[in-house]
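To start, the structure under review is shown below, and the notes come after it.
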Amino acid sequence: MASTPTSTTMGFTGEPPAAPRTDRERQKADRRAAILTAAARLFAERGYAGVTIEDLGTAVGVSGPAVYRHFPGKSAVLAAILEGASRSLLDGADRVRIEAPDAASALRALIAFHVDFALADADVIAVQDRELEQLDPGVRHEVRSLQRRYVEHWVATLAELRPDRAEMELRFRAHAAFGLLNSTPHSARTPGRRPADGAVRGILEEMAWASLLS
């Protein structure tokens, strides 16, 4: 079975910049990553409209205006989270399908990869589900384009395994699987605690497999 791509140390909250060459660049990259992680958590908890630049600064131990050294505004933070997540998912799916020896292995790896995303970045998923319309139109169009391309990887893989099924049905099954995988980790949380990955990973993977191919 193909190896499963994993997220970067930043998770899925934005693409990492080029490797920093100096301590100052490294500190700046770390601060940017911290802002994105904090923003995803706060946007998930309070909603995009309920979070200010000052809130983001406080969450990472800096003043609100210091956030502007990394992002021109709150909308740019949201764009970095959602566009970064969508690109990370698409890049991972690209690698899965290139490396997988057959369609069944590709589907298993796609499921495992998406479970990694769901377990590691439940906050990003919540923001993606609720706040997409807050993006500027051009950015929203780009994010949706990336998301459609990600779905097409799943549909194409399913078509190899179920050539007798209509494309519309396969696309519906893919979206249903995303709904299952995306909603479970966030809804299973209790205050101050996230579900144990090992307790849910196998269940999610097998349920997704069954829903896709039943």
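Take the sequence shown: its position 77, counted from the start at 1, is 70 in our numbering, and no numbers get skipped. For every residue, glycine included, the Cβ atom is placed at its ideal position computed from N, Cα and C. Predicted, not measured: the structure shown is a model, and the values here were computed from it.
Residue V144 holds the alpha-carbon nearest to the alpha-carbon of D87 among V144, M200, G43. Sequence-distant Cβ neighbours of E198 in its own chain, meaning closer than 7 Å and more than five residues away, are I104, A105, V108. Excluding the 5 residues flanking it on each side, P58 has no same chain C-beta neighbour closer than 6 Å. Contact check for A201 against L174 passes: the beta carbons are separated by less than 8 Å. The beta carbon of T45 sits closer than 8 Å to the beta carbons of G57, K67 from its chain, once the five residues preceding and following it are set aside; these are given in chain order. Note that the segment 29 to 46 does not touch the segment 88 to 95; fewer than 3 beta-carbon pairs, one per stretch, sit closer than 8 Å. At a cut-off of 4 residues, the continuous stretches assigned as alpha helix (DSSP H) that sit fully inside the segment 76 to 137 are 96 to 113, 115 to 124. With a 10 Å radius around the Cβ and a threshold of 16 neighbouring Cβ atoms, D157 comes out exposed. In the displayed model, A167 falls within a helix according to three-state DSSP. If the five residues before and after A27 are omitted, its C-beta is found closer than 6 Å to the C-beta atoms of V53, all from its own chain and listed in chain order.
Scanning D16, V70, R17 for the CA closest to the CA of D129 turns up V70.
Contact between L206 and T150 does not hold, since the beta-carbon distance rounds to 11 Å and is not under 8 Å. Shown here, R34 sits in a helix according to DSSP, grouped into three states. Only buried fits F110, as 16 or more other CB atoms lie within 10 angstroms of its CB.
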